[in-house]
Amino acid sequence: MNQYSLIFNYRDNKHYNLELNSIIKKRGYQTYEDWILKNQIDLGFTPLCAVNDRNGILGVCGFLKNGIIINKVSVNSLLITNQFVKSKTGNDEMVYQMIKGVINKYERIVDLFYTFSNIENDQTLIRNGFKKVKEYTYFMQWDQTLQSELSVVKKLSPENNVKDLEFIKDYLFHSAKENSLFSVKEDKDLQVFNLLKYYKNNIYYLANLDAVVIFSITGHTFQLMGLYSKNEINIQTLLENIVPKGISLIEFYFVPNIKNKFVVKELRKIMVGEEHHRSFLYIRENTTNLEASKFIFPLLNRLK
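Numbering (our numbering), first residue to last: 463 to 766.
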C-alpha cells in the first residue's frame, strides 16, 4: 500500500509551495519547471504532489492543459511535464502513481494525453496506457542556383533585449494557425521557455512579410523550425525571401500548409539550437486518432 497521497490544489499552502520549490531546485535544475518557479509564472502549469502522512512532499509531477489543432479541428489535450522525486535513488512506482493520478482526474474531459521522454521504451508511461508514436519531418527539394529576393531580415535578440522578447511573444501568441496543419495552443509559457533556452540565436523578423521566423542552416539544408505571423503566409514566398543561394533542401520542423511534393521521413532526432538529440513522443488517446497521422509537434511546444 502507498505511504503517500496525491495532492492537486495547494496553491495557497505556503508549506507545500516551499517544499515543491526545494525539490525542483535539487532535481530539476534548468528545466521548464525550474524556470517557471524562478520567474514566478503560474499560468497554465499545475503541479501534482505525492505527500506523506507528515505533510512532506516526496514527489512532483506537473501538467499543462492545452489544445491541439489538427487540420482545423480543435481537441482538448493535456501535456504531462517532468517528474521529480525527493529521494536520490528515485521511485518508479511513485512516478507511475502520479501520472496515473493525472489521468484518472482528467480522462473524462481530455481527448488526448501526451508527454515526451528520452527513453525509447519508457515502461512507466507504457504501464499508464501511453504509446510511443512516430513523428515525421517534411523535406522539399530546392533549386540551389536561386538567389533569395531582396528583403529586410532582422536578427532578434530576446535574451538581451526586452523589446525584442515582447515583440516575439506578440507574434507567438497571436500567430495565424493556418500556416501549419498541426499546432498547439494555450501553452505560452512553454514556448517562451524553449525559445530562450534553445533557439535564442535562430530568430529573425521579415518586415516585408510581417513574420517572425526561426531557422538554421546546416550545409546545403535550410531548416525551417518555426513560422509565426498574424496573417496567413505563403510559405513558398517566404522561402523565396530568405533561403540563400546554394541551398538544395528545405527541412520543415512543422507540418507545412503548402501544396508541394514532399519527402516525408521519420523523425530520429530533433533540433535543439544547433544540435540534434533524441526525443520520443508518447500519447494516450481517448477520442482522437493522432497515431495515424504523419505529424510533428512544433519545437517550441515540446519538452526537451
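All residues carry an ideal CB built from backbone N, CA and C; glycine is no exception.
Taking every protein chain shown into account, the CB of G681 has fewer than 16 other CB atoms within 10 angstroms, so this residue is exposed. Here K647 has N528, G529, I531 as same chain residues with Cβ atoms under 7 angstroms from its own Cβ, once five neighbours each way along the sequence are excluded. Judged by DSSP secondary structure, T750 falls outside any alpha helix (DSSP H); it is assigned neither H nor E. When secondary structure is reduced to three states using DSSP, K659 falls in the helix class. In the structure shown, the three-state DSSP call for I531 is strand. At a Cβ-Cβ threshold of 9 angstroms, L526 and T508 count as neighbours. Its chain contains L668, A669, N670, L671, N703, I704 as the residues whose beta carbon lies nearer than 8 angstroms to that of S613, once the 5 sequence neighbours on both sides are disregarded; these appear in chain order. For S610, the CB contacts under 8 angstroms within the same chain, skipping 5 residues up- and downstream, are E702, N703, I704, V705, P706, K707 in chain order. For I498, the uninterrupted alpha helix (DSSP H) segment begins and ends at 494-500. Listed in chain order, the non-local C-beta contacts of N590 below 8 angstroms within the same chain comprise Y558, I561, K562, I565, R746, local neighbours out to five positions each way being set aside. Rounded to whole angstroms, the separation of the alpha carbons of V624 and E582 is 38 angstroms. Excluding sequence positions up to five before and after G490, its CB lies within less than 7 angstroms of the CB of D496, N544, F546, all in the same chain and listed in chain order.
Scanning its chain for C-beta atoms nearer than 6 angstroms, with the 5 sequence neighbours on each side dropped, one finds around L627 the residues P620, in chain order.
The beta carbon of V725 is closer than 7 angstroms to those of F601 in its chain, skipping five residues each way along the sequence. Residue burial is scored here from C-beta neighbours: A754 has fewer than 16 other C-beta atoms within 10 angstroms and is therefore classed as exposed.
In the DSSP assignment, L686 falls within the unbroken beta strand (DSSP E) covering 683-690. Under the three-state reduction of DSSP, Y466 is assigned to coil, being neither helix nor strand. Bridge pairing for M733: H738 [DSSP]. V595: member of the beta strand (DSSP E) spanning 593-595, first to last residue. Take Q502, set aside five residues on each side of it, and no residue of its chain has a beta-carbon closer than 8 angstroms to its own.
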